[in-house]
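S.K.:
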Amino acid sequence: MAAPLSFQKMILTLHDYWSDRGCVILQPYDMRMGAGTFHPATTLRALGPEPWNAAFVQPSRRPTDGRYGENPNRLQHYYQYQVILKPSPPDLQELYLGSLAAIGIDFTQHDIRFVEDDWESPTLGAWGLGWEVWCDGMEVTQFTYFQQMGGFDCKPVAGELTYGLERLAMYIQDKDSVYDLAFNDAGVTYGDVFLENERQMSKWNFEVADTDGLFDLFRKAAAECENALANDVPIAAYEQAIEASHVFNLLNARGVISVAERQAYIGRVRDLAKASCAKFIETQTPVWQAKYPGWVA
Amino acid sequence: MTDFLLELRSEEIPARMQAKAREDLSKLFVGELAKAGIAAPRITTYATPRRLVLIAHDLPERTEAVREEVKGPRASAPPQALEGFLRKTGLTREALTERDGVLFAVTEVPGRETAQVLATAIPAIVRAFPWPKSMRWGAASLSPESPRWVRPLQGIVALFGSDVVPCEVAGVTSGAVTLGHRFHHAGPITIGSAADYVEKLRACHVIVDQDERAAIIAVGAKMAAQGAGLRLVEDEGLLAENAGLTEWPVPLIGRFDEAFLAVPPEVIQLTARVNQKYFVCRDGAGQLANAFVCTANIDAADGGERIVAGNAKVLAARLSDAKFFYETDLKTRLEDQLPKLDKIVFHEKLGTVANKVERVAKLARWLVESGVVGAEILPGTGRGTAGAAGGGGGAPAAVPPADTPLHHPADGPPPRTGEDMSLADMAERAARLAKADLVTGMVGEFPELQGLMGGYYAAAQGEPFEVAEAVRDHYKPVGQGDDVPTAPVTVAVALADKLDTITQFFRVDLQPTGSKDPFALRRAALGIVSLVRTNHLRLSIVTSSFIAALEGLGTGWPARDAQAGTLRETIAQFEPIAALKALAALAPSLPKPGTPNPENFEKAVRAAASVRDFMLERLEFAERSGGARVDFIRAAVIIDGANAREDDLVRLLARVHALQAFVTTEDGANLLAGYKRAANILKKEAPGSSKHIPETGEEDPLAMVEDPDFAPVVAELARTNREARDYDRELAEAALVAALDAAEPRAEAAIDAEDFAGAMAALASLRAPIDAFFTDVTVNDADSHKRTARLALLARVRDAVHRVADFSKIEG
Chain A
1 MAAPLSFQKM ILTLHDYWSD RGCVILQPYD MRMGAGTFHP ATTLRALGPE
51 PWNAAFVQPS RRPTDGRYGE NPNRLQHYYQ YQVILKPSPP DLQELYLGSL
101 AAIGIDFTQH DIRFVEDDWE SPTLGAWGLG WEVWCDGMEV TQFTYFQQMG
151 GFDCKPVAGE LTYGLERLAM YIQDKDSVYD LAFNDAGVTY GDVFLENERQ
201 MSKWNFEVAD TDGLFDLFRK AAAECENALA NDVPIAAYEQ AIEASHVFNL
251 LNARGVISVA ERQAYIGRVR DLAKASCAKF IETQTPVWQA KYPGWVA
Chain B
1 MTDFLLELRS EEIPARMQAK AREDLSKLFV GELAKAGIAA PRITTYATPR
51 RLVLIAHDLP ERTEAVREEV KGPRASAPPQ ALEGFLRKTG LTREALTERD
101 GVLFAVTEVP GRETAQVLAT AIPAIVRAFP WPKSMRWGAA SLSPESPRWV
151 RPLQGIVALF GSDVVPCEVA GVTSGAVTLG HRFHHAGPIT IGSAADYVEK
201 LRACHVIVDQ DERAAIIAVG AKMAAQGAGL RLVEDEGLLA ENAGLTEWPV
251 PLIGRFDEAF LAVPPEVIQL TARVNQKYFV CRDGAGQLAN AFVCTANIDA
301 ADGGERIVAG NAKVLAARLS DAKFFYETDL KTRLEDQLPK LDKIVFHEKL
351 GTVANKVERV AKLARWLVES GVVGAEILPG TGRGTAGAAG GGGGAPAAVP
401 PADTPLHHPA DGPPPRTGED MSLADMAERA ARLAKADLVT GMVGEFPELQ
451 GLMGGYYAAA QGEPFEVAEA VRDHYKPVGQ GDDVPTAPVT VAVALADKLD
501 TITQFFRVDL QPTGSKDPFA LRRAALGIVS LVRTNHLRLS IVTSSFIAAL
551 EGLGTGWPAR DAQAGTLRET IAQFEPIAAL KALAALAPSL PKPGTPNPEN
601 FEKAVRAAAS VRDFMLERLE FAERSGGARV DFIRAAVIID GANAREDDLV
651 RLLARVHALQ AFVTTEDGAN LLAGYKRAAN ILKKEAPGSS KHIPETGEED
701 PLAMVEDPDF APVVAELART NREARDYDRE LAEAALVAAL DAAEPRAEAA
751 IDAEDFAGAM AALASLRAPI DAFFTDVTVN DADSHKRTAR LALLARVRDA
801 VHRVADFSKI EG
């Protein structure tokens, strides 16, 4: 058996695989966000009738998951590999399994299962049906058929695959700690790249970040989102919704948002995201209807 | 006669939906056949993660011709009637048939090929399928009307005999080709007919029959455990779930690090079960072993070695998380978690969980101090909970039964017993700690472990055993079949918690309505019924919910934080009110002795009365489920005439049982007949007069009267009554009076002693005199004095019976 893929080789393999299947290979979005689903290439492109096939890595930040580098499985910053295929192709499951085979998973020796797991993101006004994909009992991918985004029906439905790259790599390389992963084939580990980052960022997320400044940032992002909406630039507005969402996550990690306030903040972010989606649909509908007569949101 | 095979193949169907889907498929299919006039055939259904299958046996080749006749108006009827009939039937006048001057619409449906019926039935079934959640997919979903299925539908096999039933739905065309196991058999399989379907798929590594898969897992898992010298912890739910996740199940046993056994066994079991769908095992001594059984969906080339290693790794990661939470939680004392409860809203109208804890603590203490819960409520029980009758089978409980000692070797010194604490102190202490685990890391991760973890943490921080046990078990009984607590401290907290929940929600008008019971108040009420019954708790529902409501209203008792003695006295003030049954009658002019806030007092009374009615309704429900006759309960609930209700559930049930035993005897049946005759006459002759008026002259009528202004009125009334009695009683009449004079005090004494069988026996002595009275005496005498006196005598009979139960509610 060939040596298992390094972390970066695994990403490159997935890039090649999905590139060969007609996907646009994007680079990570240059903003802080909690999940690849927030990427405009997923959220906004899931709206409207036009086909869209893309794959990209998105660094995901979950401030409350930080463990100062001391937990071998939990990180406040990690990578998600996202594939979005719209409309969802009829052989999506087979395409997905092909990608697992490409990164070295042998289906004669490993147990792959599609276990019910419906996805819902209140902050995006989005939901879908699908599975968490298990490999020998480990969840390695979230597999979702988007049904709604920003409160709008997906017409057509997009299929979304979200691979947890670190988990998959730990699995393929048979490592017990994420920090022991071979990042490349030249002796650099994941820990060499990210351990100090985890220590410092955990400390900043939980202890240092200036909360007054963060509250201020939240207000400013929300206001800027409204400003962009008023001026019919929903993509810019959506960026501010992403920003507000992440700032909220930071405030949450700092423990300065009470249970009662929590719902109000989530509601605010959802309103911003939904308004951005609505405006995006509104501004794009003439373009879409020119190509797809009779299409309505 | 021909068999029909339908396979609807899709991407993975959630395991939990498969059983219901088989039922629905069968139901819809029978419905479609019925529309075509084909009687329901014998049907077999199967489900795997990737297919839903129906085989209908022995269908006819053709359907029968159906002739249907609808009667219309007469030929001579006005044109409007004819027009209406034509509109209804969609026919023209010419198409109608006339017979004996009446018009008929005759439709003749000729016999059809069954294959044709099936070809239209399949798309109809797919479109109408009631999945709990369904989705759109693919290019077709550009249109919002695109087909829906639980997950994308991939293929349809429809064979009538060996012929394909051609149809198309959801973009899928029917055929004879399906797929085998996703990894064991990649290529397509052509099915010949219903007869070879199951075996062809088996050859391609798909066991179609879900029950067979479950059996394979059950046997395989047991053998795997035995092979390792262990015993499998069986779990029906897990069996069905794993059968729903596999087409070719292969149970495999694996091990985890023994160090994780320091975590409470329930946590390990829950992690394994809920997150990973693994079975767990016990060792020879019955202790949880460091082993798990997972169910793979393939026969792995290496015998499953890699699969087991992978699964073990995942479990280890989860258990180390759990261990982390457990160890972290143990560093904080439960009382130090309490401030966090201030931030959790219990309900917007009812404050925070901290508020609830405060109320429950006081109520638990009151339950002990007022004597409802005593030290020896069920003498001789060593264990904390009583096994539920008929329990043991059924669905596995979300929270494992409390069959493990609370103390765990890793927890430190063994907990002390509460010898140095009073029962009331322990009840209050346990109530204060009972909800603290809601804010621990472990319960945050596994909400199902609420209570249980609190019990572990309480024991670990050195709380008395009784307190830790109460913290653990105070949610019990959670449902029917769950263990019912019997340990006094636990009973006090469990009862207080439920009583508080019910009373507070009723107080703010959030009682269950119809099928909606969002706060599970019905379950809580049944919990109270079980607690009361199992422990023979003598509890006035009205009084206790009144106390609970007052506490919720924030007024509390006049001396909220007074010493126990003062508190008892305060409560005692309210006892006469319950005794007066004024609460029960909900009279608007309630006495308000010494209450600080009359308005709150009245609110509390209203809440208490509605809680009582709710509890009685729940008791009736529970009894009915147990096969009891509802009319006996309704009869026994009503005491002392029309308004008063029995609100002591133990006493109520004693009445019910005595009544049930009595009425089925000959004496009982006859007394019942006599009672009904008396009651009927009274209803007819003297409607509305059911007042107690002294009749025999032996009582001093003025003794009943406390109001001096009213005394002359009563005296006058007594005088006329005496005159009315001044005639020669007939023999049977005098005998009945004598029998009543003898029976009444006996019945009364028996009732006071709660010997309801004795009270009934005393009443039974009235049977012969009543019969004789009805035979020999005319009630409706021309002499109005006699008539009045005889009616009064019948009223006395009725009222004597009513002291035990309202016999008029008994049917038959």
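Order-wise, the sequence lines are chains A and B. Okay, so the first sequence: first residue is 1 according to this note's numbering, each after it adds one. Okay, so the second sequence: first residue is 1 according to this note's numbering, each after it adds one. For glycine and all other residues, C-beta sits at the position ideal for the given N, C-alpha and C. Owing to the predicted nature of the structure, the values given are computational and were not obtained by experimental measurement.
Please classify Ile103 (chain A) as buried or exposed, where buried requires at least 16 neighbouring CB atoms within 10 angstroms.
M.R.: When all chains shown are included, Ile103 (chain A) counts as buried.
S.K.: What in chain A is Cβ-close to Leu350 (chain B), meaning under 8 Å?
M.R.: By Cβ distance, chain A contributes nothing, its closest Cβ being about 15 Å from Leu350 (chain B), past 8 Å.
S.K.: Please classify Leu230 (chain B): does DSSP put it in a helix, a strand, or coil?
M.R.: Three-state DSSP puts Leu230 (chain B) in coil, outside helix and strand.
S.K.: Apart from the five residues just before and just after Glu241 (chain B), which ones in its own chain have a Cβ nearer than 8 Å to its Cβ?
M.R.: The answer, listed in chain order, is Ala15, Arg16 and Lys277.
S.K.: Under the rule that 16 or more other beta-carbon atoms within 10 Å means buried, what is Thr778 (chain B), buried or exposed?
M.R.: It is exposed - the Cβ of Thr778 (chain B) has fewer than 16 other Cβ atoms within 10 Å.
S.K.: If you measure from the beta carbon of Phe183 (chain B) to each beta carbon in chain A, is any gap under 8 Å?
M.R.: With 8 Å as the cut-off, Phe183 (chain B) counts as an interface residue toward chain A.
S.K.: At a CB-CB cut-off below 8 Å, which residues of chain B make contact with Trp306 (chain A)?
M.R.: Residue 306 (chain A) is absent from the structure shown; chain A starts at 1 and stops at 297.
S.K.: According to the Cβ coordinates, are Val178 (chain A) and Leu272 (chain A) closer than 8 Å?
M.R.: For Val178 (chain A) and Leu272 (chain A), no; Cβs fall outside 8 Å.
S.K.: Nearest to Lys86 (chain A) by CA position, among A:Ala158, A:Tyr68, A:Met170 and A:Cys135, is which residue?
M.R.: Out of A:Ala158, A:Tyr68, A:Met170 and A:Cys135, A:Ala158 has the C-alpha closest to the C-alpha of Lys86 (chain A).
S.K.: So which residues on chain A does Val314 (chain B) lean against when the C-beta distance must stay under 8 Å?
M.R.: What Val314 (chain B) touches in chain A: Asp136, Gly137 and Met138.
S.K.: Which residues, in chain order, does the segment 273-300 of chain B contribute to contact with chain A at a C-beta distance below 7 Å?
M.R.: The segment 273-300 of chain B vs chain A, Cβ under 7 Å: Gln276, Cys294, Ala296, Asn297, Ile298 and Ala300.
S.K.: In whole angstroms, what separates the C-alpha of Tyr544 (chain B) from that of Phe614 (chain B)?
M.R.: What sits at residue 544 (chain B) in the sequence shown is Ser, not Tyr. In a straight line, the C-alpha of Ser544 (chain B) is about 14 Å away from that of Phe614 (chain B).
S.K.: At least one CB of chain B closer than 8 Å to the CB of Glu116 (chain A): is that the case?
M.R.: So yes, Glu116 (chain A) belongs to the interface.
S.K.: In terms of alpha-carbon separation, which member of A:His77, A:Lys279, A:Glu50 and A:Val83 lies closest to Arg61 (chain A)?
M.R.: When each option's Cα is compared against that of Arg61 (chain A), the closest is A:His77.
S.K.: Take the Cβ of Gly294 (chain A) as the centre, count every other Cβ of all protein chains shown within 10 Å, and call the residue buried at 16 or more, exposed below.
M.R.: The residue is exposed, with fewer than 16 neighbouring Cβ atoms inside 10 Å.
S.K.: Identify, in the order they occur along the chain, each residue of the same chain with its Cβ nearer than 6 Å to the Cβ of Cys23 (chain A), setting aside the five sequence neighbours on each side.
M.R.: Asn53, Ala54 and Ala55.
S.K.: Which of helix, strand or coil does DSSP assign to Ala158 (chain B)?
M.R.: Residue state, collapsed to three classes: strand.
S.K.: If you draw a straight line from the alpha carbon of Arg42 (chain B) to that of Ala169 (chain A), how long is it in whole angstroms?
M.R.: Looking at the two C-alpha atoms, the distance is approximately 52 Å.
S.K.: Opposite Asp45 (chain B) in the DSSP bridges: which residues?
M.R.: The sequence given here has Thr at residue 45 (chain B), not Asp. Its beta-bridge partners are B:Leu54.
S.K.: Find out if the Cβ-Cβ distance for the pair Gly111 (chain B), Glu64 (chain B) is shorter than 8 Å.
M.R.: Yes, Cβ-Cβ distance for Gly111 (chain B) and Glu64 (chain B) is below 8 Å.
S.K.: Quick check on His57 (chain B): buried or exposed, where buried means 16 or more other Cβ atoms within 10 Å of its Cβ?
M.R.: Looking at its Cβ environment, which holds fewer than 16 other Cβ atoms inside 10 Å, His57 (chain B) is exposed.
S.K.: Helix, strand or coil for Glu98 (chain B), going by three-state DSSP, please let me know.
M.R.: Strand, per DSSP.
S.K.: Measuring only the C-alpha atoms, how far is Asp30 (chain A) from Ala322 (chain B)?
M.R.: Whole-angstrom Cα-Cα distance: 35 Å.
S.K.: With DSSP collapsed to three states, give me the class of Arg254 (chain A).
M.R.: Coil at Arg254 (chain A), not helix or strand.
S.K.: Just reading off the alpha helix (DSSP H) that Asp473 (chain B) is part of, what are its end residues?
M.R.: Residues Phe465 to Asp473.
S.K.: Residues of the segment 135-164 of chain B with a CB closer than 9 Å to any CB of chain A: list them in chain order, please.
M.R.: Listed by position, the residues of the segment 135-164 of chain B near chain A (Cβ gap below 9 Å) are Met135, Arg136, Trp137, Gly138, Ala139, Ala140, Ser141, Leu142, Ser143, Pro144, Ser146, Val150, Arg151, Pro152 and Gln154.
S.K.: If you run the structure through DSSP and keep just helix, strand and coil, what is Glu699 (chain B)?
M.R.: For Glu699 (chain B), the pLDDT reaches just 40, beneath the cut-off of 50, and the residue's location in the model is therefore unreliable, although a value from the coordinates is still provided. If DSSP states are grouped into helix, strand and coil, Glu699 (chain B) belongs with coil.
S.K.: Grab me the residues of Thr92 (chain B)'s own chain with a C-beta within less than 8 Å of its C-beta, minus the 5 sequence neighbours each way, in chain order.
M.R.: Once the five neighbours on either side are set aside, the close Cβ partners of Thr92 (chain B) are Leu86.
S.K.: Report buried or exposed for Gln287 (chain B), applying the criterion of at least 16 other Cβ atoms within 10 angstroms of its Cβ.
M.R.: Exposed, since its Cβ has fewer than 16 Cβ neighbours within 10 Å.
S.K.: Against chain C, with Cβ distances strictly below 8 Å, would Arg113 (chain A) count as a contact?
M.R.: Absent from the structure: chain C. Protein chains present are A and B.
S.K.: Taking the straight line between their C-alpha atoms, what separation do you get for Asp342 (chain B) and Asp497 (chain B)?
M.R.: Taking the straight line from one Cα to the other gives about 17 Å.
S.K.: Do the segment 160-174 of chain A and the segment 136-148 of chain A meet, that is, are 3 or more Cβ pairs less than 8 Å apart?
M.R.: In short, these stretches touch, since the Cβ pair count reaches three.
S.K.: Three-state secondary structure (DSSP) at Val280 (chain B)?
M.R.: Residue state, collapsed to three classes: strand.
S.K.: Please check the pair Leu124 (chain A) and Gly164 (chain A), which I expect to be a contact at CB under 8 Å, by giving their CB distance rounded to whole angstroms.
M.R.: Wrong, their Cβ atoms sit about 19 Å apart, outside the cutoff.
S.K.: Rounded to the nearest angstrom, what separates Asn600 (chain B) and Gln504 (chain B) at their Cα positions?
M.R.: Taking the straight line from one Cα to the other gives about 13 Å.
S.K.: Measure from the C-beta of Ile307 (chain B) to each C-beta in chain A and report whether the shortest distance is under 8 Å.
M.R.: So, interface residue.
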